[in-house]
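Novice: Numbered per our numbering, the sequence shown finishes at 151, counting up by one with no gaps.
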Amino acid sequence: MGVSCRIFLLDQDDGLYRLPSTKFNQMLRDPTSCRVTRFAGARLRMTDVAVELLNRQPIRVIWNTFGFLAFDDDGYFDAGTFDQHQRARAELALAPLAAEPKGAAIVVDATTRFVAQGGSWKPSRTLQRHIDEAALGRVKCPRL
8 MGVSCRIFLL DQDDGLYRLP STKFNQMLRD PTSCRVTRFA GARLRMTDVA
58 VELLNRQPIR VIWNTFGFLA FDDDGYFDAG TFDQHQRARA ELALAPLAAE
108 PKGAAIVVDA TTRFVAQGGS WKPSRTLQRH IDEAALGRVK CPRL
């Protein structure tokens, strides 16, 4: 058994595009190395899906995360905006661990909460099923 992570982008019409992890990592390291003119000037929904593998075949979805990827007018990934949202989400997740003992209130800057919320979304049940089917290889979608 194993686990595989699959990244998908969704356009405004819910069209799914598979984004290979190697390409996404390249975009994170050097946004100018990977131009996607199809998405120039767009802010796309993104989902990262972990699937369980049995004999190298996907058998079930383990979890999903949802975010956004923005592209500038030339089609280059906006890593700064993505990083800002990821940091805010991490800060919110870690806030309970940093709380004072003895029941002290957990204080998180509201700005962080708003930034984190602006970097996530939730699909409808129908769209979630479609994403899961693509992650399991049952629905074909274009690769970027």
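Positions of the beta carbon are idealized from the N, C-alpha and C atoms, including for glycine.
(1) Go to T64, then tell me how far its beta strand (DSSP E) extends in each direction, as first and last residue.
(2) How would you label I69, buried or exposed, when you count the other beta carbons within 10 angstroms and need 16 or more for buried?
(3) With M53 as the anchor, note down where its beta strand (DSSP E) starts and where it stops.
(4) Between P38 and the rest of its own chain, which residues show a CB-CB distance below 8 Å, the 5 nearest in sequence each way excluded?
(5) Out of C12, P130 and R136, state which residue places its alpha-carbon closest to the alpha-carbon of P65.
(6) My guess is that A142 and V56 are in contact by the Cβ rule of under 8 Å, so how many angstroms apart are they, rounded?
(7) Can you tell me the Cα-Cα spacing of W128 and M53, whole angstroms?
(8) Just to confirm, are F78 and F46 a CB contact at a threshold of 8 Å?
(9) In three-state terms, what does DSSP make of L143?
(10) Check whether the Cβ atoms of P149 and Y24 lie closer than 8 Å to each other.
(11) Can you tell me whether G9 is helix, strand or coil according to DSSP?
(12) With DSSP run on the structure shown, which of helix, strand or coil describes L35?
(13) Return the CA-CA distance between I14 and G144, expressed in angstroms with no decimal places.
Specialist: Taking the definition as stated:
(1) It is Gln, not Thr, that sits at residue 64 in the sequence shown. Going by DSSP, Q64 is part of the beta strand (DSSP E) stretching over Q64 to A77.
(2) Counting C-beta atoms within 10 angstroms of its own C-beta, I69 has fewer than 16 neighbours from the protein chains shown and is therefore classed as exposed.
(3) Per DSSP, M53 belongs to the beta strand (DSSP E) from R50 to L61.
(4) So the list reads Y83, F84, D85 and A86, once near-sequence residues are dropped.
(5) Taking the Cα of P65 as reference, the smallest distance to any Cα among C12, P130 and R136 is reached at C12.
(6) So it is a contact: roughly 4 Å between Cβ atoms.
(7) Their backbone Cα atoms lie some 9 Å apart in a straight line.
(8) Yes. Within cutoff.
(9) Annotated three-state conformation of L143 is coil, per DSSP.
(10) Result yes, Cβ atoms of P149 and Y24 sit closer than 8 Å.
(11) Here G9 sits in strand by DSSP.
(12) DSSP places L35 in helix when its eight states are reduced to three.
(13) Between the alpha carbons of I14 and G144 lies a gap of roughly 13 Å.
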